[in-house]
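Colleague: Here it is, the structure, as structure tokens.
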Amino acid sequence: MPELPEVETVRRTLEPILKDKTIVDVAVYHQNMVETPDFIEQLKNQTIKSIDRMGKFLIFKLNDKVMISHLRMEGKYFLTDPRKKHPHEHVVFYLDNGQTLIYHDVRKFGKFQIRSYENYRKVSPLLKLGPEPKEANPQVIYKQLKKRHITIKQALLDQHVMAGLGNIYVDETLFRAQLHPQKNTSTLTKKQVESLVKHAIDVLNHAIELGGSTIRSYYATIGVDGKFQNELKVHTKKDEPCPVCQTQIIKIKVGGRGTYVCPRCQKK
DNA sequence: CCCGTGCCCTGGCGGC
DNA sequence: TGCCGCCAGGGCACGG
Numbered sequence: 009m010p011e012l013p014e015v016e017t018v019r020r021t022l023e024p025i026l027k028d029k030t031i032v033d034v035a036v037y038h039q040n041m042v043e044t045p046d047f048i049e050q051l052k053n054q055t056i057k058s059i060d061r062m063g064k065f066l067i068f069k070l071n072d073k074v075m076i077s078h079l080r081m082e083g084k085y086f087l088t089d090p091r092k093k094h095p096h097e098h099v100v101f102y103l104d105n106g107q108t109l110i111y112h113d114v115r116k117f118g119k120f121q122i123r124s125y126e127n128y129r130k131v132s133p134l135l136k137l138g139p140e141p142k143e144a145n146p147q148v149i150y151k152q153l154k155k156r157h158i159t160i161k162q163a164l165l166d167q168h169v170m171a172g173l174g175n176i177y178v179d180e181t182l183f184r185a186q187l188h189p190q191k192n193t194s195t196l197t198k199k200q201v202e203s204l205v206k207h208a209i210d211v212l213n214h215a216i217e218l219g220g221s222t223i224r225s226y227y228a229t230i231g232v233d234g235k236f237q238n239e240l241k242v243h244t245k246k247d248e249p250c251p252v253c254q255t256q257i258i259k260i261k262v263g264g265r266g267t268y269v270c271p272r273c274q275k276k
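Shown next as structure tokens:
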């Protein structure tokens, strides 16, 4: 599931390949993923100037509009020569160099929107997106969290608080900050929030470094699977010893999400 | 406004 | 072995 580091890896891979390429045509095979009615017409003859990212959203900067792409759970991009459509390929961008950029998504959860430069940050889905951890002011986050009555896990997954963390990196951030995912946000101290933000930054930076190391040839999968899974301390480690205290890691549900926690190191 | 629930979707897995 | 039912999960709509 692509979170900020994986999306950043995709961005860094795609940008040099797609820069200055013009979209000559588009095919959409699953309409629910496209939230802009005249999506295809709006993209024709648009040239890709750059690719940005906000949280987990990819932002394709075109001549005079912006395409927003969210990979959700399993979205992937491929660049190939034209070929017969494969299963799970839902959007195909035909480029002026004869190649095709393919969006592949088994669960069809991904979303696309076209927006104008004037308002793309002022409307859904970017309107209420919070700052990324490295841009976040811990004092501001602290004040927001004090007012709420949810678990820290839910708060860190809430992209309106901070953008970029998903289920994996939230578990890893909470472990490093030695805080229990079920701890209520209203009970957090300033120091604990500062620690959360700091560890979120560290985890994401470390993962970006490792994601970047697995970029493959652009004819292969443009990957969302880096090497950070080797660095995970609690996520997916049910029944394995905590790397700090050797207590068995447990798996629980928090806010409906599978959550891995060291019951000894992480305090409520 | 705040929070919980359900929806979208399909591969894979547990249970029988 | 084979089949069926259910679960996972990001973001958002909706309802209390």
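Using the numbering used here, the first residue of the first sequence is number 9, and each one after it goes up by one. Each residue gets a CB set at the ideal place from its N, CA and C atoms; glycine is no exception. All values reported here derive from a predicted model rather than from experimental measurement.
(1) Going by beta carbon distance, what residues of the same chain come within less than 6 Å of Tyr150, once the five residues before and after it are set aside?
(2) So the alpha helix (DSSP H) Leu164 belongs to, where does it begin and stop?
(3) Please report the distance separating the alpha-carbon of Leu204 from that of Asp113.
(4) What number of angstroms, rounded off, separates the C-alpha of Glu213 from the C-alpha of Glu97?
(5) Please state whether DSSP places Ile56 in a helix, a strand or coil.
(6) Beta strand (DSSP E) containing Asp89: first to last residue?
(7) For Thr255, which residues in the same chain have their Cβ closer than 8 Å to its Cβ, ignoring the five residues on either side in sequence?
(8) Please report the distance separating the alpha-carbon of Ala208 from that of Val99.
(9) Determine the direct distance from the alpha carbon of Glu43 to that of Tyr85, and round the result to whole angstroms.
(10) Extract the residue ranges of the beta strand (DSSP E) inside the segment 118 to 191, only unbroken runs of 3 or more that lie entirely within it.
(11) Can you give me the Cβ contacts of Gln167 inside the same chain, cut-off strictly under 7 Å, excluding the 5 residues immediately before and after it?
(12) Can you look up Pro95 in the DSSP assignment and give me helix, strand or coil?
(13) Going along the chain, which residues of its own chain have a beta-carbon closer than 8 Å to the beta-carbon of Arg115, five neighbours each way excluded?
(14) CB-CB under 6 Å to Gln162, same chain, minus the five flanking residues each way: which ones, in chain order?
(15) Given a cut-off of 8 Å, decide if Asp179 and Tyr268 are closer than it, judged by their beta-carbon atoms.
(16) Just to confirm the assignment, what range does the alpha helix (DSSP H) spanning Arg80 have?
(17) Considering just the uninterrupted stretch of the beta strand (DSSP E) at Gly36, what are its terminal residues?
(18) Among the residues of its own chain, which have a CB less than 7 Å from the CB of Val211, if the five just before and after it don't count?
(19) DSSP three-state call for Pro45: helix, strand or coil?
(20) Between the alpha carbons of Ile158 and Gly106, how many angstroms are there, rounded?
(21) Go ahead and label Gln54 buried or exposed: buried means 16 or more other beta carbons lie within 10 angstroms of its beta carbon, across all protein chains shown.
(22) How would you write the range of the beta strand (DSSP E) that Ile67 sits in, first residue to last?
Modeller: This is what the structure gives:
(1) Lys198, Val201
(2) 160 to 165
(3) 32 Å
(4) Before going further, note that residue 213 is Asn rather than Glu in the sequence given. Cα-Cα distance, rounded: 31 Å.
(5) coil
(6) Neither: Asp89 is in no beta strand (DSSP E) and is coded neither H nor E.
(7) Pro249, Cys270, Pro271, Arg272, Cys273
(8) 33 Å
(9) 19 Å
(10) 119 to 123
(11) Gly63, Leu137, Gly138
(12) coil
(13) Arg80, Met81, Glu82
(14) Gly263
(15) yes
(16) Neither: Arg80 is in no alpha helix (DSSP H) and is coded neither H nor E.
(17) Just to set this straight, residue 36 is Val in the shown sequence, not Gly. Where Val36 is concerned, the enclosing beta strand (DSSP E) stretches over 30 to 36.
(18) Tyr177, Glu180, Thr181, Arg184
(19) coil
(20) 51 Å
(21) buried
(22) 65 to 69
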